[in-house]
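Numbering (mature numbering (1 follows the signal peptide of the UniProt record, and there is no 0)), first residue to last: -22 to -1, 1 to 134.
Here is the structure:
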């Protein structure tokens, strides 16, 4: 009887361990889906009149946002931090407009971008997790890597 009970408990623990394990391959499609979802509302909210003007303004705004985040990444690369295998974190959960995630010395580095400092302050009021993150202008850093934190603080 004890052997059967031990076998059942062992099988349950094995199933629990398998069910709780994570695979990094599962997160990559999610990041791609979130960036696609982010683009859809911007296109659907465009008014029917002056579509070309609105599309050009949206494209121009998107380029500015991308170049700003790209400039931050370029700064890190100039400081010797390789930001390979970039991915998109779930930046919508903290009301950010964009974000990037990469690894440095096997530690996760997430940088979020807000539309303005006022937008960041509004998000901070509703998301207490932002109190634990480092902020520089419209960018917020989430990492445990001290070297990245120091470089982020020196960001021009």
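Just so you know, even glycine gets a beta-carbon here, dropped at the ideal spot from N, CA and C.
Positions of the beta strand (DSSP E) runs, each at least 3 residues long and wholly inside the region 65 to 131, are given as 76 to 82, 85 to 91, 112 to 114 and 117 to 121 in order along the chain.
Setting aside the 5 residues that flank it on each side, residue 123 is surrounded in the same chain by 82, 83, 85 and 87, each with a C-beta closer than 8 Å to its C-beta; the list follows chain order. Only buried fits residue 78, as 16 or more other CB atoms lie within 10 angstroms of its CB. Secondary structure at residue 48: helix, using DSSP grouped into helix, strand and coil. When secondary structure is reduced to three states using DSSP, residue 61 falls in the coil class, being assigned neither helix nor strand.
Residue 99 and residue 133 have their C-alpha atoms some 20 Å from each other.
Between residue 76 and residue 104, the C-beta spacing is not below 9 Å.
Taken atom to atom, the span from the alpha-carbon of residue 50 to that of residue 107 is near 22 Å. Closest option to residue 65, judged by alpha-carbon separation, among 95, -19 and 80: 80. Counting only residues of its own chain and dropping the five nearest sequence neighbours on each side, residue 129 has a CB closer than 6 Å to the CB of 57.
The DSSP-derived three-state label of residue -10 is helix.
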